[in-house]
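Reading through the structure tokens given below for one structure.
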Amino acid sequence: MILQVLSFIALYLGAVVFMEGFAWVTHRYVMHGWGWIWHRSHHEPRTGHFELNDLFAVVFAAPAIVGIYLGVHGTPWMLPVGLGITTYGAIYFLFHDGLVHRRFPMPKARSAYWKRLIQAHRFHHAVHTKDGAVSFGFLLAPDVRKLKARLTAQGVAADET
Ligand SMILES: [Zn+2]
Ligand SMILES: [Zn+2]
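As structure tokens, then:
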């Protein structure tokens, strides 16, 4: 029993951590690759409540739903995986759409960690094109000074906000 609980927790946390890596790779090579057709809307001013880029959230919800479904229908280890993906999605949504892009009210970030991540993602948005963007992670980000230096070297204005 205890072993089952521990492996459940390990799979759950593993899925959350894996998703940050998966999100980085997807953002770097799909969204700023052939998926730019959807992601472009996120690097331009939004008109209305939604943007084409929101469709990625729908796509990413699918493996979470499938994981939870299979988890309660005969493949128990899929349940923590599905819940881990869901948790990552929720954290991502609160951070990215709330804290950074203020699409809904969120308390102001106070910790140095969140402030650094917000700044790093703002720097990601300093570039409005498919190529040349920096900082593709969401819950892990490189040093803000390094990002700023890379942008400045490319001739992109990178003011900390
Ligand atoms: Zn982007
Ligand atoms: Zn963004």
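Per our numbering, the sequence shown starts with residue 405, numbered consecutively. In this text, a Cβ means the ideal position worked out from N, Cα and C, and glycines have one as well. What you are looking at is a predicted structure, and each value in this text was computed from that prediction instead of being measured.
- Excluding five sequence neighbours on each side, which residues of the same chain lie with their C-beta closer than 6 Å to the C-beta of residue 486? 468, 471, 472 and 475
- Message: Quick check: residue 484 and residue 410, are their CB atoms within less than 7 Å of each other?
- Response: no
- Give the straight-line distance between the Cα atoms of residue 533 and residue 407, rounded to the nearest whole angstrom. 49 Å
- Message: Whole angstroms are fine: how far does the CA of residue 413 sit from the CA of residue 557?
- Response: 43 Å
- Query: Out of curiosity, what's the CA-to-CA distance linking residue 451 and residue 547?
  - Reply: C-alpha separation (whole angstroms): 32 Å.
- Item | Boundaries of the alpha helix (DSSP H) in which residue 435 is found, first to last residue | It is not in any alpha helix (DSSP H) - residue 435 carries neither H nor E in the DSSP assignment.
- Query: Exposed or buried, residue 498, counting other C-beta atoms within 10 Å across all chains shown (16 or more means buried)?
  - Reply: Answer is exposed; the Cβ neighbour count stays below 16.
- Query: Going by alpha carbons, who is nearest to residue 552 out of 491, 539 and 544?
  - Reply: 539
- Near residue 496, which residues of its chain fall below 6 Å by C-beta distance, leaving aside the five closest residues on each side in sequence? Cβ neighbours of residue 496 beyond the five flanking positions: 542.
- Item | residue 440 to residue 432 span [Cα, whole Å] | 10 Å
- Query: Quick one: what's got a C-beta closer than 6 Å to residue 488's C-beta in the same chain, skipping five residues either side?
  - Reply: 416, 419 and 420
- Test item: CB-CB of residue 504 and residue 525 under 7 Å: Going by C-beta atoms, residue 504 is nearer than 7 Å to residue 525.
- Task: Output the distance between the C-alpha atoms of residue 520 and residue 545, rounded to the nearest integer angstrom.
- Result: 8 Å
- Message: If I measure Cβ to Cβ from residue 482 and keep anything under 6 Å in the same chain, skipping five residues before and after, which residues do I get?
- Response: 471, 474 and 475
- On the three-state DSSP scale, how would you describe residue 523? Judged by DSSP in its simplified three-state form, residue 523 adopts helix.
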